[in-house]
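Per our numbering: the sequence shown = residues 1344 to 2245.
Note that the Cβ used here is the ideal one computed from N, Cα and C, for glycine as well.
Remember, it's a predicted structure, so these values are computed and weren't measured experimentally.
Before any comments, here is the structure.
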Amino acid sequence: MAQPDTDGKRKWVYAFSPGAAEGGADMAELLGGKGANLAEMARLALPVPPGFTITTDVCDAFFAAGNTLPEAMKAEVMRALDGIGEMVDARFGDEKCPLLVSVRSGSRASMPGMMDTILNLGLNDQTVEGLARLTGDSRFAFDSYRRFIQMYGDVVLGVDHGAFEDILENFKNLNGFAADTDLDEESWREIIADYKAAIEREYGAPFPQDTNEQLWGAIAAVFGSWHNPRAKTYRRLHDIPDDWGTAVTVQAMVFGNLGDNSATGVAFTRNPSNGEKDIFGEYLPNAQGEDVVAGIRTPQPLTRKGAGEASESSLEVAMPHAFGELVQIFEQLEHHYRDMQDIEFTVQLGKLWILQTRAGKRTTEAALKIAVDFAADGLISRDEAILRIEPAQLDQLLHPAIDPGAEHDLIARGLPASPGAASGELVFHSEMAEALKAKGRDVILVRSETSPEDVHGMHAAVGILTARGGMTSHAAVVARGMGRPCVSGAGTLRIDANAGTMRAGARMFKSGDIISIDGSTGRVYAGKAKMLPPSLSGTFGTMMEWADEARRMKVRTNADTPRDAKQARIFGAEGIGLCRTEHMFFEESRILAVREMICAEDQEGRQQALDKLLPVQRADFEELFEIMAGLPITIRLLDPPLHEFLPHEDREAAQVAAALGMDLVRLKTRVAELEEFNPMLGFRGCRLGIKYPEITRMQVRAIFEAAVNAQKKTGNAVRPEVMVPFIGYRREFDILRAVIVETAEAVKKETGITIPYDVGTMIELPRAALLAAEIADGELGADFFSFGTNDLTQTALGLSRDDAAPILSNYLEHEVITTDPFVSLDLPGVGELVKIGVDRGRSVKPDIKTGICGEHGGDSKSIAFFEDIGLDYVSCSPFRVPIARLSAAQATIRRRLSGKAS
């Protein structure tokens, strides 16, 4: 909330200038990240142009009043503007010595390029002449004016920026100009006249000459951009709350377009791709800030090392004094913030100004290295290092890279803007990328350069390729933040998005063609490239070791096949939390025996079919026990309804009937008998085992015979956990536990080997959660609970996961829910059922083992909840095991820091 001023009134505006500031880095909630960090840098006496920040409270008030700025705020703004003018010896709206300002957005969470910015505000037909006289550079003054008209016309007045681009490009083409820097004062005057005519034609009113009107329009537009489509999409993709709002920072302009001793640039204190301690960034001489990230001009590297053979073009060589000062500021800011920084700067006539600092977007590889290095240097603790890694980002490291030893069809080279590799279909429009992703297809989004409007397409794509732009362009920064491979600035490519074509030399590629990109090398290949498996050593291994030392909960995997189990072990799984035995039945060599069992007319016929399944099921379990080498394995007995195993198409039914030597009519009759209106709430789980105990006997015999064999072979003790699915009544559990115990005893008697085991249940019905004490009670009660949150979510919410997409989409749009309950656990409802089940189970059996095996076992937010309620383990798919390990560590650390840990 805003702090009151000395009169006890709400304070809307916070000023800053080198050596003094009314705010600081701890006020991001009120001042936004940009405003808070500008105030902090001002406190550090860094060269920050003076300015002020309008708080996020004003944003709330603005929207509450129907997009109207508070009058009280306007008075504060004018006083703050006068203060800036006194510091820079200029006055807002003055025709002789005009003060020009930038108006920028700034939420507490970094949203690069998603909201609007306006530069050079305060220019009109009179002040531009004053600026020309004051600087002695008419070309610069009118270039700045045309930039302001273009930005203001687009952002505030809603005139399509393409209209301005067309005017400029047509003028350059007609007059033989190659670059914007070739245009002189008279050229800009002519273009400005065309710009103003376009605005009056499109907007219906002249371009505003009143500088106060310009200011209020710009501030309102920047606040309004909080709700523009790209910002809303970005917040949804990055889980940023809509109610945070944005602050607006107004700051005295400094100019990087005053000639060859002026420049603008973007820099990172470390390499955001790999985390190495190298200055990483780019600059443009004689340019303004938006030019660097827009991808319109190709920027130059900051350092000699980065420039390579073209070292003379680097800032280090071209402006050594400014570069030296910049290096010192990098060190100061990195140590002050204890993190890698992303810095925007301008050099005006040789003097360095810092316009922004923020924690830099980085790849996962870089995030791991930076966190580990900072901890090793003593700047942060291991706990802080663990907390700095976004668990979901680890997914970037768990997938293949392009094999450098294989032959590939190289068609272009660009800049390695965001590491990783991807293959997919060429698409030229973001909407098409989204549409094809929805159909399950991988796409590479190809653009001349991306803009913030492309954020949804970039998210849908598996990789991004641009013909223009540098290492700090919009495409590069956003791709790194999203974890998407990106090659930018592939200048030899000729892209025609309207025609849906990309020319690489003499070769033409069109929409739908397959290409591959390597964001680690900048190479672009035709066709699908050969990939190598991921390497998970180095700082990844170090971070995982630290996470394993910190976490309390165990992490298991959901695995039904040896391949999945092996992959999960590589990723650090500590056992199997869910082995779905029915998945073993679907293989072509086994499905016929399953169908024979289902279609049998009596127990004898079913047993004959089950006898065929026993050895293959036993072999599967034996291999899993060997792979897990003594780690716990929870094996769920047959769960899905039997109809899933039977053919439903006439052609397939005829083939199955022939294979079984069975009359087709009888087969179809059996299919019809098993058909259910809602099979997920029908004849499945424990209900099958009670009706057909011989199925349970076969599966249990396979488990214990496999355990005996694996124990003999490996010498590792085996303790199976046999799980009864879908119970709602204690009696269901008792019936099937008796079958399990009887069969286990039979195997013990036959082999002479005792295999210790546990019998538990999957809690996936609300009744089971509510009756957990009854289900766990006594020596013969459940030994463990595994919460099947996928089905528990379905049964608690009355929502079929298979049919939920349109319902959930509508609910998200109408803010009935904020997240998909099948992705992140519904804590107030389903989460409360899990907590009730845990608490009631432990009330009668304090040492009962509890875990979770639904998809929520790999979701960070859900894992934090499972830590809070004291689950013993989470189980998730193999590729989410590292994510769960890190999430569990973070949950343990946060719980300890909050004082909740016992």
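Please report the straight-line C-alpha distance between SER1773 and LEU1779, rounded to a whole angstrom.
10 Å
Where does ASP1586 land, buried or exposed, given buried means 16+ other C-beta within 10 angstroms?
exposed
Would you tell me roughly how many angstroms separate the C-alpha atoms of ALA1735 and MET2066, rounded to the nearest one?
30 Å
Apart from the five residues just before and just after THR2097, which ones in its own chain have a Cβ nearer than 6 Å to its Cβ?
LYS2091
If you draw a straight line from the C-alpha of PRO1958 to the C-alpha of PRO2036, how long is it?
18 Å
Any beta-carbon of chain D closer than 8 Å to the one on ASP1403?
Among the chains in the structure shown there is no chain D, since it carries only a single protein chain.
Between the C-alpha atoms of MET1344 and LYS1439, what's the straight-line distance to the nearest angstrom?
Because MET1344 sits at a pLDDT of 40, beneath the cut-off of 50, its placement in the model cannot be relied upon, and the following sentence gives the value as read from the coordinates. Taking the straight line joining both Cα atoms gives about 40 Å.
What did DSSP end up calling ILE1857 once you bin it into helix, strand or coil?
strand
Can you tell me the Cα-Cα spacing of LEU2114 and ILE1934, whole angstroms?
36 Å
Among GLY1560, GLN1594, ALA1803 and GLU1917, which has the Cα closest to the Cα of ALA1385?
GLN1594
Minimum C-alpha distance to ASN1467 - residue among ASP1527, GLN1557, ALA1630 and ALA1872:
GLN1557
Of the residues GLY2121, PRO2149, ALA2112 and GLY2124, the one placed nearest THR2136, counting alpha carbons only:
ALA2112
Spell out the partners DSSP gives LYS1611 in its beta bridges.
The amino acid at residue 1611 is misidentified as Lys; the sequence shows Phe. PHE1623 and ASP1685, per the DSSP bridge assignment.
Assigned exposure category for VAL2159 - 16 Cβ within 10 Å defines buried
exposed
Using a 10 Å radius around the Cβ and a threshold of 16 neighbouring Cβ atoms, would you call ASP1525 buried or exposed?
exposed
For PHE1691, does the count of other Cβ atoms within 10 angstroms reach 16, so buried, or fall short, so exposed?
It is worth fixing the name first, because residue 1691 is Gln in this sequence and not Phe. Buried, by the Cβ-count rule.
Span of the alpha helix (DSSP H) around CYS2029
2029-2034
Give every residue of the same chain whose Cβ lies closer than 7 Å to the Cβ of PHE1968, excluding the five residues on either side of it in the sequence, and list them in chain order.
ILE1976, ALA2049, ALA2050, ALA2053 and VAL2061
In chain order, what residues of the same chain lie with their CB nearer than 7 Å to the CB of GLY1567, ignoring the 5 residues before and after it?
ASN1410
ARG1827 by DSSP, collapsed to three states: which one?
coil
Alpha helix (DSSP H) segment containing GLY1800, residue limits
1798-1803
Please go through the same chain and pick out, in chain order, the residues whose beta-carbon is closer than 7 Å to the beta-carbon of TYR2154, but skip the five residues on each side of it.
ILE2160
From VAL2246 to GLY2197, what distance separates their C-alpha atoms?
Because the chain here runs from 1344 to 2245, residue 2246 falls outside it and cannot be looked at.
In the DSSP output, which residue or residues are listed as bridge partners for MET1874?
ILE1745
Consult DSSP for GLU2210 and reduce its assignment to one of helix, strand or coil.
helix
When you compare the CB positions of ALA1972 and PRO2221, do they come within less than 8 Å of one another, or not?
no
Runs of alpha helix (DSSP H) wholly within the stretch 1489-1520 (minimum 4 residues, chain order)
1504-1518
Separation of ALA1574 from GLY1843, as counted between CA atoms
27 Å
Please report how far the alpha carbon of THR2235 lies from the alpha carbon of GLU1888, in whole angstroms.
15 Å
Per-residue burial, THR1835 [other beta carbons within 10 Å of its own, 16 or more giving buried]
exposed
Does the Cβ of MET1851 have 16 or more other Cβ atoms within 10 Å, making it buried, or fewer, making it exposed?
exposed
Three-state secondary structure assigned by DSSP to TYR1868
strand
For MET1845, which beta-bridge partners are listed by DSSP?
ILE1838 and PHE1852
Under the rule that 16 or more other beta-carbon atoms within 10 Å means buried, what is LYS1897, buried or exposed?
buried
For ALA1665, the three-state DSSP class (helix, strand or coil):
helix
If you follow the alpha helix (DSSP H) that LEU1412 is in, where does it begin and where does it stop?
It is not in any alpha helix (DSSP H) - LEU1412 carries neither H nor E in the DSSP assignment.
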